[in-house]
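Undergrad: So the sequence shown is residues 875 to 1075, counted in the numbering used here.
Ideal Cβ positions, reconstructed from N, Cα and C, are used throughout, including at glycine.
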Amino acid sequence: MVNKTRDSFSRILNEFDPSDSSTSIVLKEILNTYPFFQSASAYYLKTLKVQKKEAFNELLPKTAILTYNRHILRNWIYSKKETETNKKIDLIDKYSFLDWFDVINESESNLDHKIDLIDKFLKSSPKINLDKDYDSKVDIITESKIKDDLITETLAKIYINQKKYNKAIKAYNILSLKYPKKSSFFADQIEMIKKQKNINN
């Protein structure tokens, strides 16, 4: 019984057609055996909706309770995506061998047209030139804007990385006044900056 149920449900998943009445019959049998089977309930509900059966309104609240995400259930039940996909597959199957050449040629011409449009745009659009004199190390923060209470060790390290040694020394002096317990650490940092400054000069 379990194998038969598994096989029939697997077939329904692979070839789901909500308008097929035999699908709804098989799903109803599965739900009679396994009433809390969430996926089967959702598929059965979809078939009832498409076939416009009255049992849809009765089963909807029960299936909503079984579903972990009602929003997904609602979107899936009211979507026409499955039937549209099936229609597209049917159209694909209707082409003969020779018709496929026409379909391929049409898609290639569309692709060629798109490529031509892109090439035309690239040729006609003005180029963006970068300013070679642009200095990316612009000092965004001016001296007047920095307050003593905003100076941190991170800012001092940034000054060191930017090779603004005088500002880094000033920042560490302010930090040593702000945090007297760490003043020996800051003094060592200042000495290191002075050595680095002498090496770079």
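1. Within 10 angstroms of the Cβ of residue 848, are there 16 or more other Cβ atoms? Answer buried if so, exposed if not.
2. How would you call residue 1067, buried or exposed, if buried means at least 16 neighbouring beta carbons within 10 angstroms?
3. Whole angstroms is fine: what's the gap from residue 1044's alpha carbon to residue 1058's?
4. Alpha carbon to alpha carbon, how far is residue 1049 from residue 819? Give it in angstroms, no decimals.
5. If you compare alpha carbons, which of 994, 942, 936 and 1024 is closest to residue 909?
6. May I ask you to report which of helix, strand or coil DSSP gives residue 1062?
7. Just how far apart, CA to CA, sit residue 1075 and residue 1042?
8. Residues in its own chain within less than 6 angstroms of residue 1064 by CB, not counting five upstream and five downstream?
9. Which term fits residue 926, buried or exposed, when burial requires 16 or more other beta carbons within 10 angstroms of its beta carbon?
10. Cutting at 7 angstroms between CB atoms, please list the residues of its own chain near residue 956, excluding the five before and the five after it.
TA: Looking at the coordinates:
1. A query on residue 848 cannot be resolved here, the shown segment of the chain reaching from 875 to 1075 and no further.
2. Counting Cβ neighbours within 10 Å, residue 1067 comes out buried, since at least 16 surround it.
3. One C-alpha to the other measures close to 15 angstroms.
4. Nothing about residue 819 can be read from this structure; the chain reaches only from 875 to 1075.
5. Answer by Cα proximity: 936.
6. Of the three classes helix, strand and coil, the one that applies to residue 1062 here is helix, per DSSP.
7. Cα to Cα, residue 1075 sits roughly 16 angstroms from residue 1042.
8. 1043 and 1046, listed in sequence order.
9. The residue is exposed, with fewer than 16 neighbouring Cβ atoms inside 10 Å.
10. Low local confidence applies: a pLDDT of 49 at residue 956 is under 50, so the model's placement there is unreliable, with the coordinate-based value given in what follows. Closer than 7 angstroms at the Cβ level, and outside the excluded window around residue 956, lie 890 and 892.
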